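Accompanying notes for the structure given below.
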Amino acid sequence: MRRFTSRIAALAAAAALALSMGPSALAEQSDAHRTDAPAYFVFTDITREEAVLQLDDPAKIQHARDLIAGVTQDRPHVMGKIIKRQAPYNPRWSYHYNPETVDFFDLAIEVCDATLPYVEDHLDEAGGAFLPGLYWCPWTSRLIREVPPQ
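Numbering-wise, the sequence shown is residues 344 to 493 according to my numbering.
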């Protein structure tokens, strides 16, 4: 019992320390453990078309892997800012996600929702009334597999 109590106390102390550090200290700590090896994931939407995105952040890479493995269902959709040019790892499309802006979400506003082909067909309009700020959050997006670097 005493050993169990000391473990609980250690966990509580660690939680208190993490909370007292604040977001900026945690971000600096996260950046210190960051690797430079990006990971690439195929995602799809309701159209069943596929695209590839690049992730650089280890926590986001792990979240993506957890989604694919079925470990989590939290924040299953992909969002971020698009760049209006083809990426070598995503040759099918004339645009790609800026890897620095990619994140995951549960719910998002309608103004950033569009399918893969719709974005391609209206890419010249993106950044205005369509996908303001070039932020794209396809509501039906989901990761389907990880692919090796190209």
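Positions of the beta carbon are idealized from the N, C-alpha and C atoms, including for glycine.
Every value quoted in this text rests on a predicted model; they were computed, and no experiment measured them.
Legend entry - Contact set for Leu398: own chain, Cβ-Cβ below 7 angstroms, skip 5 residues either direction: Pro381, Ala382, Phe384, Ile404, Ala407, Pro442, Val445
Legend entry - Pair within 9 angstroms by beta-carbon distance, Pro419 and Leu410: yes
Inset, instruction - Given a cut-off of 9 angstroms, decide if Ile425 and Ala469 are closer than it, judged by their beta-carbon atoms. - result: yes
Inset, instruction - Determine the extent of the alpha helix (DSSP H) in which Arg408 is found, giving its start and end residues. - result: 401-412
Inset, instruction - Report yes if the C-beta distance between Pro481 and Val454 is below 9 angstroms; otherwise report no. - result: no
Inset, instruction - Put Asp446 into one of helix, strand or coil per three-state DSSP. - result: strand
Inset, instruction - Using beta-carbon positions only, say whether Val421 and Arg485 come within less than 9 angstroms of one another. - result: yes
Inset, instruction - Drop a sphere of 10 angstroms on the beta-carbon of Val395, count the other beta-carbons inside from all chains shown, and report buried for 16 or more, exposed for fewer. - result: buried
Inset, instruction - Measure the alpha-carbon distance for Tyr438 versus Gln429 and round it to whole angstroms. - result: 5 angstroms
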